[in-house]
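I have placed the structure first, in the form of structure tokens, so that the comments after it can refer back to it.
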Amino acid sequence: MEAARFDYVIVGAGLYGATFAERAVAAGKKVLVIDRRDKPGGNACTESVSGIHVHRYGPHVFHTNDKEVYDYLSGFCTLNSFVHTPKAFYRGNTYSLPFTMHTFREMWGDVSESEAREIIRRQCAEIKHEPRNLEEQAIATVGRDLYETLIRGYTQKQWGRECSALPPSIIKRIPIRFTFDSSYYNARYQGIPTDGYTKMVERMLAGAEVRLGEDYFAKRDTYDSLAGKIIFTGSIDAYFGYSLGRLAYRTLTFEQEILDIDRYQTSAVVNYTDADVPWTRITEHKWFQPETADTIRGTVITREYSAEWEDGREPFYPVGDEASENLLKKYIELAKSRPNVLFGGRLGRYRYLDMDAVVRMALDDAKAELRPEKAGRQRESG
Ligand SMILES: Cc1cc2nc3c(=O)[nH]c(=O)nc-3n(C[C@H](O)[C@H](O)[C@H](O)COP(=O)(O)OP(=O)(O)OC[C@H]3O[C@@H](n4cnc5c(N)ncnc54)[C@H](O)[C@@H]3O)c2cc1C
């Protein structure tokens, strides 16, 4: 058995693990990062296919208003000029997302701003009480036409449940603009690392030892013995062997195709909002590289399918229903019995978090963990 020779063993080479590792190495710590996948980057992983940075686990667009997170990541990448302007496809017609004057005109013809406002106001009035489910919430916010065409089928496929059976909280805010500005995010900083997320993460991990294709659970005792502290970014319920029960997740399937044409669709991401089209969206990866896309011959597309998570599949989205939230509280209590394990990231905390929020969480956790007084106390007690 290897002797303990790391300050930290970090399980997961995603954005949380990479950020924590980078900060720990910068503080002079010895760090081992393991991941069961064959490439670092976690869900943001990109790999080169036919000269295109393919987003292996679904499209990832970085966006943030957090200057400190932006400045931090700028040390490892340069963001390109990509601006997210997704489209939706419903019964043979294409619609612009988010909901803007473009969308209203695609739906209702050549309407003015005040006419669009009036149509939406009238349709929203259909819901006269506090919305009790996602369907009512959506109709109360954007009206029935936009709901039926652009929200209903997509959301149903994404969550595997009728919108009337989903809580309103899932879509409390639906961005809606009475202008022609189609950029999806209002964030101050946005784009995609010019050479992909995985290259960025590799730079962040440069000072750590990295072992890929390694499942923590396969050699748990070995990894536990290698360091004083484990930073765990897998699922918290999996860590405890599901001993208190299983949290609910959605999983995804990705079907990739390399095509001998230069353009497949009009935008990097197109949502398919018909309930009877089995995939939720198609990503055409080259459009994430606006500076070079037109010079690339051929294209790569990925169809994305959503399903209920089951054992052996990758958990992608925490569902966060009431039963899971109650169970999570019990796992958080149980985690207190493991002071030498820090649960981080979106699976470790069972929270839907965007990339910037995950980096922020890791920066904060690393700061608290690595602060000099704490290290001093550990030395005294150890
Ligand atoms: C389809 C999709 C699209 C998204 N789009 C966006 C977007 O456009 N913009 C945005 O800001 N955010 C987006 N996100 C969110 C983003 O992916 C996350 O915020 C971020 O990647 C989470 O980082 P993480 O390190 O917490 O977790 P992860 O990226 O999940 O990394 C965890 C890592 O731990 C490894 N691991 C788990 N268990 C074990 C084990 N037992 N042994 C070894 N390794 C293990 C996993 O293999 C994984 O690599 C999207 C997420 C998904 C699923």
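All residue numbers for the sequence shown refer to this note's numbering, where the first residue is 352 and numbers rise by one. The beta-carbon is built from N, C-alpha and C at its ideal position, and this holds for glycine as well. Quantities reported herein were computed from a predicted structural model and do not represent experimental measurements.
Heavy atom of ligand 1 within 6 Å of residue i beta-carbon
i	result
D572	no
M555	no
M452	no
H636	no
D566	yes
G585	yes
F427	no
D417	no
H705	The sequence given here places Asp at residue 705; His does not occur at that position. Yes, Cβ of D705 sits closer than 6 Å to a heavy atom of ligand 1.
D422	no
Y367	yes
D386	yes
A559	no
V412	yes
G363	yes
F667	yes
N431	no
V670	no
G696	yes
V710	no
N394	yes
G409	yes
Per-residue DSSP class, three states only, for residue i
i	result
Q474	helix
I385	strand
V561	strand
D735	Limits of the chain in this structure are 352 at one end and 733 at the other, which puts residue 735 out of reach.
A378	coil
R407	coil
V709	helix
S732	In this predicted model, S732 has a pLDDT of only 45, less than 50, meaning its place in the structure is not dependable; the value taken from the coordinates is given anyway. Correct three-state label for S732: helix.
V462	coil
S675	helix
K523	coil
Q607	strand
D358	strand
Q509	helix
L424	helix
P669	strand
Y540	strand
D572	helix
F371	helix
R495	helix
K734	One cannot answer for residue 734 here, as it falls past the ends of the chain, which runs 352 to 733.
L430	strand
V412	coil
T549	helix
R722	coil
T500	helix
Residues near residue i by beta carbon distance below 7 Å, same chain, minus five either side
i	result
R356	K381, L577
R654	E606, W630, I633
D417	D707, R711
I543	V412, F413, L430, N431, F433, F639
S732	With a pLDDT of only 45 at S732, under 50, the local geometry of the prediction cannot be trusted, and the value read off the model is given with reservation. Once the five neighbours on either side are set aside, S732 has no close Cβ partner at all.
E477	I490, R495
L485	T506, C514, L517, P518, P519, I521, I522
Residue i versus the options, residue with shortest Cα-Cα distance
i	options	result
N677	T643, E513, R597	R597
T646	V362, Y656, I403	I403
K390	E373, W638, A372, G363	G363
G579	G426, R472, N691, G443	N691
V405	D588, G392, I525	G392
Y615	T624, I652, R697	I652
T604	D572, G592, E661	E661
E513	R503, S520, I521	R503
I471	T451, P482, S520	T451
R664	F440, L563, G585, T549	G585
P410	D705, Q488, V493, V552	D705
D572	E560, Y590, V462	Y590
E673	A599, Y593, E398, S515	A599
G558	G365, A378, T650, L366	A378
Y703	I683, K687, A686, V670	V670
S425	S463, R697, G547, L698	G547
Same chain, Cβ closer than 6 Å to residue i, five either side skipped, listed in chain order
i	result
A375	Y359, V382
E720	none
L693	I582
E608	I652
Same chain, Cβ closer than 8 Å to residue i, neighbours up to 5 away in sequence not counted
i	result
G511	R601, S657, A658, E659
H435	V412, H414, S534, Y535, Y536, Q541, A619, V620
F667	N394, Y408, G409, Y600, R601, T602, L603, W660
F531	T451, M452, H453
R388	A364, C396, L563, G564
Beta carbon proximity, residue i to chain D, threshold 7 Å
i	result
R528	Protein chains in the displayed structure number just one, and chain D is not present.
Practice item. Could you name each continuous beta strand (DSSP E) segment of 3 residues or more that falls completely within the stretch 622–667, going from the start of the chain to the end? Key: Runs of the beta strand (DSSP E) inside the stretch 622–667: 632–635, 650–659.
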